[in-house]
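Chain order of the listed sequences is A and B. Add 15 to the 1-based position in the first sequence for our numbering, that's all there is to it. Add 15 to the 1-based position in the second sequence for our numbering, that's all there is to it. Just so it is clear, CB atoms sit at the ideal spot from N, CA and C, and this is done for glycine as well. Small disclaimer: the values here were computed from a predicted structure and weren't measured.
2 protein chains.
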Amino acid sequence: MVRSSPTVRKVADHAGVSIATVSRVTRRPDLVASDTRERVERAISELGYRPSHFGQALVDRRHSAIGVVFPGLSGPYYYDVIQGFEAEAIAARLSVLILGTHHVRNDEQVLDMATRVDGIAVLGGTASEETIRTLARQGMPLALLAQHPVDDVPAVRVDNYAAMYDLTSHLLDTHGYESIVFLGDPTNSPDLTDRWNGLVAAHRARRRTPPAEPIKIGIDQPNGLKTVARLLASTNSPRAIVCANDETALGAYAAAAAAGVRIPEDLALTGFDDIPMAGLVSPGLTTVSQPMRELGACVAQILLAQIRGDRPIPPDVILATTLLIRGSCGCRDGPNSPT
Amino acid sequence: MVRSSPTVRKVADHAGVSIATVSRVTRRPDLVASDTRERVERAISELGYRPSHFGQALVDRRHSAIGVVFPGLSGPYYYDVIQGFEAEAIAARLSVLILGTHHVRNDEQVLDMATRVDGIAVLGGTASEETIRTLARQGMPLALLAQHPVDDVPAVRVDNYAAMYDLTSHLLDTHGYESIVFLGDPTNSPDLTDRWNGLVAAHRARRRTPPAEPIKIGIDQPNGLKTVARLLASTNSPRAIVCANDETALGAYAAAAAAGVRIPEDLALTGFDDIPMAGLVSPGLTTVSQPMRELGACVAQILLAQIRGDRPIPPDVILATTLLIRGSCGCRDGPNSPT
DNA sequence: TTGAAAGCGATACCAT
DNA sequence: ATGGTATCGCTTTCAA
Chain A
16 MVRSSPTVRK VADHAGVSIA TVSRVTRRPD LVASDTRERV ERAISELGYR
66 PSHFGQALVD RRHSAIGVVF PGLSGPYYYD VIQGFEAEAI AARLSVLILG
116 THHVRNDEQV LDMATRVDGI AVLGGTASEE TIRTLARQGM PLALLAQHPV
166 DDVPAVRVDN YAAMYDLTSH LLDTHGYESI VFLGDPTNSP DLTDRWNGLV
216 AAHRARRRTP PAEPIKIGID QPNGLKTVAR LLASTNSPRA IVCANDETAL
266 GAYAAAAAAG VRIPEDLALT GFDDIPMAGL VSPGLTTVSQ PMRELGACVA
316 QILLAQIRGD RPIPPDVILA TTLLIRGSCG CRDGPNSPT
Chain B
16 MVRSSPTVRK VADHAGVSIA TVSRVTRRPD LVASDTRERV ERAISELGYR
66 PSHFGQALVD RRHSAIGVVF PGLSGPYYYD VIQGFEAEAI AARLSVLILG
116 THHVRNDEQV LDMATRVDGI AVLGGTASEE TIRTLARQGM PLALLAQHPV
166 DDVPAVRVDN YAAMYDLTSH LLDTHGYESI VFLGDPTNSP DLTDRWNGLV
216 AAHRARRRTP PAEPIKIGID QPNGLKTVAR LLASTNSPRA IVCANDETAL
266 GAYAAAAAAG VRIPEDLALT GFDDIPMAGL VSPGLTTVSQ PMRELGACVA
316 QILLAQIRGD RPIPPDVILA TTLLIRGSCG CRDGPNSPT
């Protein structure tokens with residue numbers, strides 16, 4: 016069957032008016048006499064007419080849509096960011112196109128998306144700098160999320176380096192761990208690269224020896240569980256593990272439970288993000304809270320500002336993080352009981 | 016700044032040819048003399064030209080894109096489904112538009128998406144039947160995922176009722192539980208409605224009294240944890256809980272661990288979906304495995320078939336599930352140790 | 001208040 | 001092999 020949603024012309028015929036009048040009814044109803052308008056509106060609802068976006072886009076030379084490129088679509092972190100992004104977009108009456116690259120760079124799809132939207136938010140590591148520059152050169156409004164600015168392309172992020180420096184310092188100073196294992200693969204992830212560097216720097220500042228390498232794993236529950244289970248079974252299993260995010264740490268909780276290893280007595284554990292589960296497990300997960308919804312909202316606003324033509328655009332917005340000390344690092348747990 | 020990605024005209028001027036020739040180079044390069052072609056190709060890459068989708072869409076009267084509407088974007092279930100869906104779409108050279116409705120019906124956004132794509136897959140409960148009928152009447156290719164067919168709109172799903180009937184029967188017969196609590200809110204979710212009905216029917220078939228109501232909660236880890244923590248603290252806490260999906264069950268594991276309740280000795284637990292974590296926790300989670308990737312792929316294929324105009328379209332595809340008995344129901348756990 | 005017509009970007013038919 | 005031009009759906013300017 017051929018797609019045949021009604022067009023302006025069909026509605027115009029149905030209502031016995033010109034296509035110009037139909038268009039006016041949908042865009043500037045005040046310009047149309049009320050009886051004519053009623054007739055047209057009836058035709059519109061009878062036929063279920065909606066102006067085709069490509070017709071409008073062609074005239075307006077904009078798509079009334081913005082896009083966001085994510086490495087994955089799984090997990091609470093992305094979910095909150097998308098929510099913040101969408102809320103801003105909807106308030107501005109724009110549609111949102113989401114592209115999940117599944118943790119592989121996919122420049123072709125990003126360029127394709129670029130022909131369907133008025134602006135694109137790129138999450139750290141999902142598009143090459145070359146692609147970003149190509150789009151920027153064409154005047155495509157862009158905003159980077161969770162990565163450093165590229166040339167004149169603005170970025171929104173948190174200071175992952177400082178946050179991880181502080182968190183590591185807490186483990187090193189307050190709890191006296193000698194050296195702390197880092198779980199998570201910084202490859203292609205500016206966020207994780209900064210976190211790893213923060214951990215290394217905190218060691219160096221105290222003349223401690225940081226681990227030679229991060230343990231490069233995908234940052235989700237299954238990988239956290241499997242890897243920590245393996246570590247706990249090895250001869251010199253670590254006393255303290257810094258996980259690159261909360262979900263990896265949650266996997267570590269399961270591994271510890273299975274191995275009969277107590278947190279924090281036998282193993283100190285920390286996460287990053289402060290997802291809803293982090294405060295509910297027991298002991299509570301010591302982590303760094305990021306304003307995820309705000310990150311998404313802010314990057315959308317920066318896109319909108321560019322589309323509107325506002326100037327200047329803030330080139331590098333850094334939102335604040337909070338170190339959240341709960342029980343998993345060895346501190347006494349706060350009153351965040353699961354209820 | 017005004018968006019100004021290069022158009023056919025700019026490229027044509029740059030290369031000193033007509034716009035028709037530029038179009039030929041991108042669509043039927045064999046029709047263009049090699050030296051002209053080279054000149055045009057150089058102009059294209061210098062200007063970073065990509066044919067605008069709305070121009071093409073206008074002529075072709077199709078968008079070269081298909082859409083998928085999801086209740087949420089969080090969690091392994093949706094992730095796998097999307098992966099399967101995207102793989103098919105990419106193979107057919109179509110872009111994918113994803114719409115997350117965040118567990119509220121959002122007909123307006125679905126109708127908006129309809130003006131940007133050639134076909135839409137709707138996941139159970141994300142669009143009203145009225146909207147589905149409206150789109151179907153206009154000839155929009157549609158496919159339903161995880162819900163029953165609506166009129167002539169085809170559906171792809173698993174037999175949730177039968178799967179839950181079998182799972183509940185196992186708990187009732189093999190492990191002898193009297194009555195089993197169901198965790199999850201069936202409202203607006205055809206999938207969960209079928210699961211709840213399956214649990215009730217399995218009770219009735221044995222003249223047992225099913226619970227009067229499901230415990231209506233969102234089916235994620237935090238809700239699972241909080242709710243089970245509350246149940247375990249109550250006076251007659253349940254001996255067996257059927258969770259509407261695995262993530263809810265994973266939250267229940269954390270609640271049990273915190274309360275010192277042993278699984279399965281003190282509390283039997285089951286899930287649904289068989290996400291990666293289900294086989295890794297200890298004891299392994301007894302659950303029902305769904306072919307999630309295949310569900311996504313199949314629904315995409317049905318969309319593609321409609322777009323191509325194939326006939327007939329299978330009206331109701333039901334994919335097989337597998338009952339996965341692990342340790343959390345009380346059976347002896349298999350050899351799925353976390354390694 | 002309404003209609004006729006130009007034009008947005010790309011394609012494909014018809015000429016040349 | 002290449003160019004001119006009508007066309008897709010819609011909006012908007014200009015006339016009436």
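Here H163 of chain B is exposed, its C-beta having fewer than 16 other C-beta atoms within 10 Å. Close partners of H117 of chain A in chain B (Cβ separation under 7 Å): Q98. Taking CB atoms only, S38 of chain B has no neighbour in chain A less than 9 Å away. The beta carbon of A158 of chain B is closer than 6 Å to those of A136, P169, V314, I317 and L318 in its chain, skipping five residues each way along the sequence. CA-to-CA, the gap between Y176 of chain B and V296 of chain B works out to about 26 Å. Closest in alpha carbon position to R323 of chain A, among A:S79, A:D50 and A:R42, is A:S79. For secondary structure counted as the alpha helix (DSSP H) over 4 or more consecutive residues, the stretch 66-106 of chain A holds these complete runs in sequence order: 68-75 and 91-106.
Close to chain B, meaning a Cβ-Cβ distance shorter than 8 Å, are the following residues of the stretch 137-158 of chain A: T149, R152, Q153, G154, M155 and P156. L46 of chain A is classed as exposed because its beta carbon has fewer than 16 other beta carbons within 10 Å across all chains shown.
Shown here, D206 of chain A sits in a helix according to DSSP, grouped into three states.
Taking a contact as a CB-CB distance under 8 Å, the pair S304 of chain A and T337 of chain A counts as one, their CB atoms being some 5 Å apart. The alpha-carbon separation between A178 of chain A and A259 of chain A amounts to approximately 12 Å.
In the DSSP secondary-structure assignment, F287 of chain B is not bridged to any residue.
Using a Cβ distance threshold of 9 Å, V83 of chain A and F100 of chain A count as a contacting pair. Cα atoms of I340 of chain B and A293 of chain B: separation of roughly 11 Å, rounded to the nearest angstrom. Taken in chain order, the whole alpha helix (DSSP H) runs of length 4 or more contained in the stretch 131-196 of chain B are 144-152 and 175-188. A direct Cα-to-Cα measurement between L182 of chain B and R221 of chain B gives close to 14 Å. Judged by pairs of C-beta atoms under 8 Å, the stretch 193-213 of chain B touches the stretch 232-241 of chain B, as three or more such pairs exist. According to the DSSP secondary-structure assignment, I230 of chain B is paired through a beta bridge with B:L198. The residue among B:P306, B:L138 and B:P291 with its C-alpha nearest the C-alpha of A161 of chain B is B:L138. Beta-bridge partners of A255 of chain A (DSSP): A:A283.
DSSP, read as helix, strand or coil, puts V276 of chain B in coil.
The beta carbon of L62 of chain B sits closer than 8 Å to the beta carbons of P21, K25, V26 and H29 from its chain, once the five residues preceding and following it are set aside; these are given in chain order. With 16 or more other Cβ atoms inside 10 Å of its own Cβ, I256 of chain B counts as buried. Assignment of beta-bridge partners to D331 of chain A by DSSP yields A:A170.
I230 of chain B has a beta carbon lying at 9 Å or more from every beta carbon in chain A. For D127 of chain B, the C-beta contacts it makes with chain A under 7 Å involve S110, in order along the chain. As summarised for the stretch 293-344 of chain A, the continuous beta strand (DSSP E) elements at least 3 residues long and confined to that stretch are 302-304, 331-334 and 337-339, given in chain order. Approximately 20 Å separates the beta-carbon atoms of P86 of chain B and T149 of chain B; this is outside 8 Å, ruling out the contact. Counted as a single uninterrupted DSSP element, the stretch harbouring G349 of chain B is not any alpha helix (DSSP H), since DSSP gives it neither H nor E. With 16 or more other CB atoms across the displayed protein chains lying within 10 angstroms of its CB, T302 of chain A is buried. In this structure, A:D174 is the residue among A:D174, A:E53, A:V96 and A:T189 with its C-alpha nearest to the C-alpha of R210 of chain A.
Contact between I97 of chain B and I81 of chain B is ruled out by a C-beta separation of about 12 Å, above the 8 Å threshold. The residues R52, in chain order, have a CB closer than 7 Å to that of P44 of chain B in the same chain once the five nearest residues on each side in sequence are set aside.
Here DSSP, grouped into helix, strand and coil, assigns S60 of chain A to helix. In this structure, A102 of chain A places its C-beta atom within 9 Å of the C-beta atom of A312 of chain A.
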